[in-house]
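Just so you know, the sequences run in chain order A and B.
FYI, in numbering that gives the first Met the number 0 the residues of the first sequence are 0 to 334.
FYI, in numbering that gives the first Met the number 0 the residues of the second sequence are 0 to 334.
2 protein chains.
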Amino acid sequence: MAGPVTLQDVADHAGVSRATASLVLRETGRVSQQTRQRVTEAMTTLGYVYNRGAASLRTQTANTIGVVVTHIASPFFGEVIHGLETGLTDSGYLPLLVNTDDDPARQHDAIRKLREHQVAGLAVVPATGTAASLIDELRTWKMEHVLVSRYLKDVNAPYVGADDVVGGRLAAAHLLETHGCESLAYLGGLPAILSRADRTNGVKEALLHHGLDTSALIDMPGEVSGTGGLELGERLIASGPLPDGIICHSDSVAFGLYRALRIHGLGNGTRVIGYDNIGGAALWEPPLTSVATQGEALGRRAARMLLERIKEPGTPTSIDKTIPELAVRQSCGCP
Amino acid sequence: MAGPVTLQDVADHAGVSRATASLVLRETGRVSQQTRQRVTEAMTTLGYVYNRGAASLRTQTANTIGVVVTHIASPFFGEVIHGLETGLTDSGYLPLLVNTDDDPARQHDAIRKLREHQVAGLAVVPATGTAASLIDELRTWKMEHVLVSRYLKDVNAPYVGADDVVGGRLAAAHLLETHGCESLAYLGGLPAILSRADRTNGVKEALLHHGLDTSALIDMPGEVSGTGGLELGERLIASGPLPDGIICHSDSVAFGLYRALRIHGLGNGTRVIGYDNIGGAALWEPPLTSVATQGEALGRRAARMLLERIKEPGTPTSIDKTIPELAVRQSCGCP
DNA sequence: GGAAGTTGATCAATCGATCTAGCAATAATG
DNA sequence: CATTATTGCTAGATCGATTGATCAACTTCC
């Protein structure tokens, strides 16, 4: 008996037709108790393994989902991926995971590959610099998709993320109102990232609302990573007196910033707020105040939205922005 | 033209047979320049997408790999997954990712699902409590596999990881010899994890070699996470005077430990060494000395070994243990 | 007793690519 | 010129499951 056990083998062994065995397998149609049992027995004794690929070919439906991420190993996206995986496997889907390293070209290749694999849909954290045409393409390909955590300019696409304007406002308001800050900095995040603009807009709103000018904000874009935060911190320190409060584009950036601050003996007394509230934020010294975007829940919601769209194709585009909350700890100066 | 564009459509459009189109596609066999061009043109104008599922069915070869991980969102495994993804996609494979939450039952389900998807092989970080029979099953199923980062008792399976005995010895020797410690603690890691026993054995070797008794080691198993480290830290502090040096089962455990130390005002002066040297270790305060297991490289090596085994089935089992190095920073007391 | 309905199972086409065997036309060889 | 190679292409079976059409056997009902 060469090769794997097929449904035909099972049927032969049970003395029924391939079709009947298929009915037993999928628990549909009319099959008598006895034959059902004979078939299931045959399946276990032969060690039958369902060939999902063959079934998908016939039914024209896959149950894999492409997950395209910019930074597979970043702690925040780790949580997002975790949520996605949970949401997908709970519904019988499996994620095909690809990393783009934030490179639109690699992203393009990745999506082509995933199409060849006939994925049922795509959850994408778009690389910075992704053209709006990507969404047009996905639409003409009738490939269901959901953007996760990052949006694109001039598109109308299904999206799951946090409300970044609110997030920026929240962080700024806390520094301004609770801690009496009169100057702020926003550190990290590449300029092309839309959520970055939203967050700084939120910060500016808070400044204005507090009777301050937007010139009270030092805006320093940069890489979203620990080393990015370290570099930005060094530049910020070198550029003159520190602002009263610093908001970082991610917790990792905040970690890097702290390293820079400590190198210059400024670790204490500076008010810092991170972003995303990853698992490690609470353990940081000082415990990091952070805008909680809840990566894992976000991933789960993205999975849910995508699967709903797959079940009901052509559903009008919906945008799911959760309102973030501020996880207040001590790095902002709270006791 | 309902449904997706098939190779038949391409062939018709180019005025050739399906077989010829297939030859063009795979760039094999003899096809004239002209027909080749006509076919490729037809492919682009029709927007043809290769159906890898159909091809896999025919050729009996998949190019997906199942990646089974215990903690998808942990920073260390994030690096491992990153390496795996890189190694796999570089060779034209794609990872199907599943999380087990360290639960053997879920792991069992996950592997069954992956088999149904006809994955070409499995990279597994086995859940604690995984029975040795798993390897027997995989072998009888002729499912190529590689264990990653964690080994199993009483099995003989392909493995890629770091040498844990050396790792433990390295950390301990540094504390004993460079810093003159005379008592140590090993914090975190569930007792059933084999690598934990290896590491503590390495620590004990170092103690004996240094003329100390193994009773100089406080051995406190526990969860491998920040909160795990926090709890263990609290217990350790409550249990009496701190040992001279503390080795943690992971950097996350060390982070949690530091929180506990700081709550009790013991943040400075305690010598701590983490494990895995994740990205965040260098940013920690104090910068964390850590045993560098190099998660990303480890993932890449695992991918390579697995793909080699798939290409050459029946290759004798090989164990790839890299010798870790100590990334010396300040948390151990070094300047 | 004959028409109609139900139950349990089967036949054969189908999904989209691959691949062996083979065919027709042209080129090379003795 | 007959024979052999080579080139370029194709027919048709195949992978393993699904599914609409069908069918035999058995009930039920008037």
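Built from N, CA and C at the ideal position, the CB exists for glycine as well.
Closer than 7 Å by beta-carbon distance: list the chain B residues that pair up with A:Thr88, in chain order.
By one-based count along the first sequence, residue 88 of chain A stands at place 89. Neighbours of A:Thr88 on chain B, chain order: Val97.
Report the residue from A:Leu287, A:Tyr274, A:Leu183 whose alpha carbon sits nearest the alpha carbon of A:Ile217.
Numbered from 1 along the first sequence, position 218 holds the residue referred to as residue 217 of chain A. A:Ile217 has its Cα closest to that of A:Leu183, out of A:Leu287, A:Tyr274, A:Leu183.
Can you list the residues of chain B that A:Gly227 reaches, using a CB-CB cut of under 9 Å?
The count along the first sequence starts at 1 and reaches residue 227 of chain A at position 228. Neighbours of A:Gly227 on chain B: none; closest Cβ ~11 Å, over 9 Å.
At the 8 Å Cβ level, is A:Glu336 part of the contact set with chain B, yes or no?
Outside the modelled stretch of chain A, which goes from 0 to 334, sits residue 336 of chain A, for which no answer is possible.
Which whole-angstrom value is the C-beta distance of A:Val66 and A:Leu95, which I expect to be below 8 Å?
Counting from 1 along the first sequence, the entry for residue 66 of chain A is found at position 67. Counting from 1 along the first sequence, the entry for residue 95 of chain A is found at position 96. The pair is a contact, with the Cβ atoms about 7 Å apart (cut-off 8 Å).
Using a Cβ-Cβ distance under 8 Å, would A:Ser55 count as near chain B?
Against the first sequence, residue 55 of chain A aligns to sequence position 56. Yes, contact with chain B.
By Cβ distance below 6 Å, which residues in the same chain neighbour A:Gly266 in space, the five residues on each side in sequence not counted?
By one-based count along the first sequence, residue 266 of chain A stands at place 267. Cβ within range, chain order: Leu260.
By DSSP, does B:Met0 sit in helix, in strand, or in coil?
Stepping through the second sequence from its first residue, residue 0 of chain B is reached at position 1. Caution is warranted here: a pLDDT of 42 is assigned to B:Met0, below 50, making its placement in the model unreliable, and the coordinate value is therefore given only provisionally. Looking at B:Met0 - three-state DSSP - the assignment turns out to be coil, as it is neither helix nor strand.
Between which two residues does the alpha helix (DSSP H) harbouring A:Asn200 extend?
For the purposes of this step, residue 200 of chain A is identified with residue 201 of the first sequence, where counting begins at 1. In the DSSP annotation of this structure, the continuous segment of the alpha helix (DSSP H) that includes A:Asn200 starts and ends at 193 to 208.
Can you find a CB in chain A that lies within less than 8 Å of the CB of B:Ala119?
Walking along the second sequence from the start, residue 119 of chain B turns up at place 120. No, no contact with chain A.
Run through the DSSP bridge pairs and tell me what B:Pro94 is partnered with.
Here residue 94 of chain B is taken as the residue at index 95 of the second sequence, counted from 1. According to DSSP, which records beta bridges pairwise, B:Pro94 is partnered with B:Ile64.
Are A:Gly167 and A:Glu143 touching if we call contact CB-CB under 8 Å?
Residue mapping note: residue 167 of chain A aligns to position 168 of the first sequence, counting from 1. Residue mapping note: residue 143 of chain A aligns to position 144 of the first sequence, counting from 1. In this structure, A:Glu143 does not lie closer than 8 Å to A:Gly167 by Cβ.
Since B:Gly187 contacts B:Gly227 with CB under 8 Å, what's their CB separation in whole angstroms?
By 1-based counting over the second sequence, the position of residue 187 of chain B is 188. By 1-based counting over the second sequence, the position of residue 227 of chain B is 228. B:Gly187 to B:Gly227, Cβ: 6 Å. Contact.
In angstroms, rounded to a whole number, what distance separates the CA positions of A:Asn276 and A:His178?
Indexing the first sequence from 1 puts residue 276 of chain A at position 277. Indexing the first sequence from 1 puts residue 178 of chain A at position 179. Distance from the CA of A:Asn276 to the CA of A:His178, rounded to the nearest whole angstrom, comes to 20 Å.
Looking at B:Gly298: is its Cβ nearer than 8 Å to the Cβ of B:Val79?
In the second sequence, residue 298 of chain B corresponds to position 299, counting from 1. In the second sequence, residue 79 of chain B corresponds to position 80, counting from 1. Yes.
Enumerate, from N- to C-terminal direction, the unbroken alpha helix (DSSP H) stretches of 4 or more residues contained entirely within the region 246 to 297 of chain B.
Qualifying alpha helix (DSSP H) stretches, in chain order: 250 to 262.
So, helix, strand or coil for A:Val223, using DSSP?
The residue labelled residue 223 of chain A in the question sits at position 224 within the first sequence. Coil.
Let me confirm a value: A:Thr292 is counted as buried when at least 16 other C-beta atoms fall within 10 Å, else exposed. Which label applies?
Reading the first sequence from its first residue, position 293 is the one you call residue 292 of chain A. Burial call: buried.
Give the single residue among A:Ile246, A:Lys152, A:Asp250, A:Thr88 whose Cα lies nearest to the Cα of A:Arg270.
Along the first sequence, one-based indexing puts residue 270 of chain A at 271. Answer by Cα proximity: A:Ile246.
Indicate whether at least one CB of chain B lies closer than 8 Å to the CB of A:Arg114.
Your numbering for residue 114 of chain A matches position 115 in the first sequence. Contacts with chain B at 8 Å (Cβ-Cβ) include A:Arg114.
Could you have a look at A:Ala122 and say whether DSSP puts it in helix, strand or coil?
Looking up residue 122 of chain A in the first sequence gives position 123. For A:Ala122, the secondary structure class from DSSP, reduced to helix, strand or coil, is strand.
At a CB-CB cut-off below 9 Å, which residues of chain A make contact with B:Pro381?
Because chain B here runs from 0 to 334, residue 381 of chain B falls outside it and cannot be looked at.
Note down, in chain order, every chain A residue with its Cβ under 9 Å from the Cβ of B:Gly266.
Indexing the second sequence from 1 puts residue 266 of chain B at position 267. The answer, in chain order, is Glu284.
If you pair each beta-carbon of the region 309 to 322 of chain B with each one of the region 95 to 107 of chain B, do three or more pairs fall below 8 Å?
no
With 8 Å as the threshold, decide whether the Cβ of A:Val154 is near any Cβ in chain B.
Within the first sequence, numbered from 1, the residue matching residue 154 of chain A stands at position 155. Taking Cβ atoms only, chain B never reaches closer than 8 Å to A:Val154, which makes this a no.
Could you pull the start and end residues of the alpha helix (DSSP H) that A:Leu87 belongs to?
Along the first sequence, one-based indexing puts residue 87 of chain A at 88. Per DSSP, A:Leu87 is one residue of the alpha helix (DSSP H) stretching across 74 to 89.
Have a look at B:Thr85 and A:Asn98 and give me their C-alpha separation to the nearest angstrom.
Position 86 of the second sequence, counted from the start, is the residue given in the question as residue 85 of chain B. Position 99 of the first sequence, counted from the start, is the residue given in the question as residue 98 of chain A. Distance between the alpha carbons of B:Thr85 and A:Asn98: 8 Å.
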